[in-house]
Ligand SMILES: CC(C)(COP(=O)(O)OP(=O)(O)OC[C@H]1O[C@@H](n2cnc3c(N)ncnc32)[C@H](O)[C@@H]1OP(=O)(O)O)[C@@H](O)C(=O)NCCC(=O)NCCS
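In the working numbering, the protein residues as written are 150 to 399.
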């Protein structure tokens with residue numbers, strides 16, 4: 150989307166006045182500046198993009214360079230989380246929302262992401278229709294999750310790549326025991342994983358989470374994934390060494 154009609158570029162702090170204006174026009178429970186800054190400054194997993202009109206503007210009343218929309222998503226190992234999406238009201242129903250989400254899906258698939266996830270208000274028919282059009286399906290419902298007004302969240306999911314590959318937890322327990330003996334850092338990672346699981350369980354027990362608690366919960370989930378990924382790498386390396394040490398089998 151860099152064809153003269155549009156410019157899709159990384160969101161900067163200097164975009165935030167306009168972004169916040171669109172956010173407030175788009176949501177009944179808008180993100181705060183602090184939440185946007187959290188994504189821009191302190192989150193290595195986040196991609197935050199703004200779409201601006203090119204030299205010709207965008208229809209009546211939308212000048213060249215004007216903000217048309219933004220998309221924010223996290224790519225963490227095998228998962229894409231769509232965090233925020235909005236299109237300027239005057240520019241809606243022109244395929245921009247679709248193009249922004251497609252961009253995120255393509256970027257994520259190129260990084261090996263297998264699953265895309267998002268949550269949306271149950272009454273947001275526009276967004277629900279857009280996501281369904283892109284192949285997302287309802288995975289679950291979080292009862293009364295949103296406030297202002299109180300409403301259910303629909304959790305939607307779409308697979309991007311075929312399932313397969315390794316998962317740590319299905320590993321042979323005998324191998325895991327050997328790895329624990331040889332690699333003390335594996336035990337440390339297991340402890341970390343367990344600690345994160347407890348933290349997550351605590352947060353999950355709270356029926357309603359504030360937006361900041363929700364962000365914290367996502368971070369814990371991602372830290373957990375990162376820990377699991379490191380553990381899996383140690384196991385893979387261990388198994389490789391074992392097979393090298395054993396030599397050819399025939
Ligand atoms: C949801 C939103 C991003 C859609 O952006 P958009 O650029 O208008 O969407 P598109 O033009 O790409 O629409 C793609 C498809 O989604 C569906 N759709 C979009 N808006 C719709 C609406 N108001 N009613 C019904 N279906 C709609 C249609 O199937 C549409 O295809 P069509 O126009 O060929 O019928 C936009 O309405 C918005 O910013 N809403 C406020 C913020 C928001 O809800 N964000 C999502 C949070 S989860």
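Backbone N, C-alpha and C fix where the C-beta goes; we use that ideal spot for every residue, glycine too.
Assigned exposure category for residue 224 - 16 Cβ within 10 Å defines buried: It counts as buried.
Neighbour-count burial assignment, residue 158, 16 or more Cβ in a 10 Å radius: So residue 158 counts as exposed.
Minimum Cβ-Cβ distance from residue 165 to chain D less than 9 Å: No chain D appears in the structure shown, which is made up of a single protein chain.
Cβ-Cβ separation, residue 177 to residue 297 (assumed contact under 8 Å), whole Å: The beta carbons of residue 297 and residue 177 sit about 5 Å from each other, so the pair counts as a contact at 8 Å.
Length of the line joining the Cα atoms of residue 113 and residue 274: With the chain covering 150 to 399 only, the question about residue 113 has no answer from this structure.
For residue 209 and residue 154, the rounded distance between their alpha carbons: If you take the alpha carbons of residue 154 and residue 209, they lie about 14 Å apart.
Identity of the residue in 248, 306, 277 nearest residue 289 by Cα: Residue 289 has its Cα closest to that of 306, out of 248, 306, 277.
DSSP bridge partner residues for residue 304 (one or two, in chain order): For residue 304, which the question treats as bridged, DSSP gives the partners 268, 289.
Residue 228 in three-state terms, based on DSSP: It is a strand residue.
For residue 198 and residue 252, the rounded distance between their alpha carbons: The straight-line gap from Cα to Cα measures roughly 10 Å.
Separation of residue 323 from residue 164, as counted between CA atoms: The alpha-carbon atoms of residue 164 and residue 323 are separated by roughly 54 Å.
Delimiting residues of the alpha helix (DSSP H) encompassing residue 354: Judged by DSSP secondary structure, residue 354 falls within the alpha helix (DSSP H) whose first and last residues are 333-354.
C-beta contact flag for residue 236 and residue 277 at 9 Å: With contacts defined by Cβ atoms closer than 9 Å, residue 236 and residue 277 do not form a contacting pair.
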